[in-house]
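Only one structure is covered here, and it is reproduced in the block below.
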Amino acid sequence: MRHAFKKKIIYCGLIVIALIIFLHPNMNGRRTYDYIEKNNIMVNLHDRIAQNFTSTAIMDCDYRDILFDVTTMSVSLMDGDLIEGHKIKDGGEFYPSECKPKFSTAIIVPYRDRAEQLRGFLVYMHVFLRRQNIHYRIYVIEQVDTKPFNRAKLLNIGAAAAFKAGYPCLVLHDVDLLPLRPANLYACTKCPRHMSSSINKFRFVLPYLNLFGGAIAITSQQYKLINGMSNEYYGWGGEDDDLYARLEVEELKLCRFEPEVSRYHMVAHQTQRKGERKHKVFNYAKNKVNEDGLNTLKYTEVATVLHPLFTHIMVDL
């Protein structure tokens, strides 16, 4: 009797251990991965500025101090306000006046129904980005219809707007992610870069090697090469894996910075409904690159407003 009881305890213990290994992000994820070391970041950056951008500064900006900055930003900054004299232009555009930036970046944020989170994101990001001495503009693409949320299509719309403005680099960015390390430069590398590989939700461990979502940097040229993202993912889920499949089709390898530099804080929010067609669409992702994306993008632009902290593009899909 006692022997059977002991066996039952051991059996239950093994089940608990198996569940911990399966469900725990640290157990199931990647503690390490290949990355660009700090000393090699500068030579791997895509140093381009927007076509229509000019700077009156004499000296070029120096990025060495930024890339080796080991400080961690406080997420409490999102609860504050920007100081006066922040020099951010209408539309959420900024560039340093004391030196010539080497990089121009369009930060594209798909959005709907998170007003308070968006306000905090914008304040935090402008504080974070201004210290990096880059030229940037924040685009917020809002879906105003009642259809399920289509994150990928909104990113395509933002990319199209950035192309028109001549931005050579795109950062596709979720509104609930805040970068913690200033050394995580918001500029493109020569390869598409997964920026948010260490998120607090996953205990700063990469869930799987092929993950390519959250916050990514990709050159405009590369984004056009893969025909952007699929327009078919209504509801959350699947579009990031589809994007990775597109990179594979065009033989583009992704890259990352080291885990300590790539740390992000995910702001808590209510999980939205997953798309019903995720698996069906993803099964054909590699065959649909040329049939679904930037070249098939259709939408109605409701309004575009240049707010003090961002360019607000409202669309009906």
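Taking the UniProt record's numbering, I'd label the letters of the sequence shown as residues 1 to 317. Cβ atoms here follow ideal geometry from the backbone N, Cα and C, with glycine treated the same way. Note that the coordinates shown come from a computational prediction; the quantities given were computed from them, not determined experimentally.
Residue j beta carbon less than 7 angstroms from that of residue i
| i | j | result |
| --- | --- | --- |
| I313 | T304 | yes |
| C191 | K288 | no |
| V261 | N184 | yes |
| N210 | Y244 | yes |
| K38 | L67 | yes |
| V267 | D176 | yes |
| V140 | V302 | no |
| Y124 | M78 | yes |
| F257 | I138 | no |
| K100 | D47 | no |
| L170 | A162 | yes |
Close-in-space but distant-in-sequence residues of the same chain around residue i (CB under 6 angstroms, 5 per side omitted)
| i | result |
| --- | --- |
| L172 | I108, L155 and I216 |
| A50 | S104, G166 and Y167 |
| E250 | L225 and I226 |
| R246 | I226 and V289 |
| P259 | S198 |
| I41 | L67 |
| G158 | I108, Y139 and I141 |
Per-residue burial, residue i [other beta carbons within 10 Å of its own, 16 or more giving buried]
| i | result |
| --- | --- |
| E232 | buried |
| V70 | exposed |
| P308 | exposed |
| Y136 | buried |
| Y111 | buried |
| K153 | buried |
| S197 | buried |
| G80 | exposed |
| E142 | buried |
| Y208 | exposed |
| Q221 | exposed |
| L180 | buried |
| V315 | buried |
| L19 | With a pLDDT of only 47 at L19, under 50, the local geometry of the prediction cannot be trusted, and the value read off the model is given with reservation. Flag for L19 reads exposed. |
| L306 | exposed |
| V57 | According to the sequence shown, residue 57 is Ala rather than Val. That one is exposed. |
| F22 | Confidence is the limiting factor: at F22 the pLDDT is only 45, short of 50, which leaves the residue's position unreliable and the question unanswerable from this model. |
| D292 | buried |
| A115 | exposed |
Assigned secondary structure, residue i (DSSP; H/G/I helix, E/B strand, else coil)
| i | result |
| --- | --- |
| K100 | strand |
| V315 | strand |
| D241 | helix |
| F257 | strand |
| E248 | helix |
| D60 | strand |
| Y111 | strand |
| I199 | strand |
| I157 | helix |
| Q143 | strand |
| L36 | The residue you asked about is not Leu; residue 36 is Ile in the sequence shown. Correct three-state label for I36: strand. |
| L309 | coil |
| L209 | coil |
Which residues DSSP lists as bridging residue i, in chain order
| i | result |
| --- | --- |
| residue 323 | Since the first residue of the chain shown is 1 and the last is 317, residue 323 is not available in this structure. |
| K89 | E93 |
| H194 | I216 |
| R137 | E93 and A106 |
| R181 | In the DSSP output, where bridge partners are listed per residue, R181 has none listed. |
| M266 | L177 |
| T189 | L45 |
| A303 | M314 |
| L118 | None, per the DSSP bridge assignment. |
Residues near residue i in its chain [Cβ-Cβ closer than 8 angstroms; skip 5 each side]
| i | result |
| --- | --- |
| T296 | N231 |
| N52 | A165 and G166 |
| R193 | I216, A217, I218, L254, C255, R256 and F257 |
| I88 | L82, F94, H126, R130, P308 and L309 |
Cβ neighbours of residue i in the same chain (closer than 7 angstroms, five flanking residues each side left out)
| i | result |
| --- | --- |
| N290 | N227 |
| Q132 | I66, P182, L185 and Y186 |
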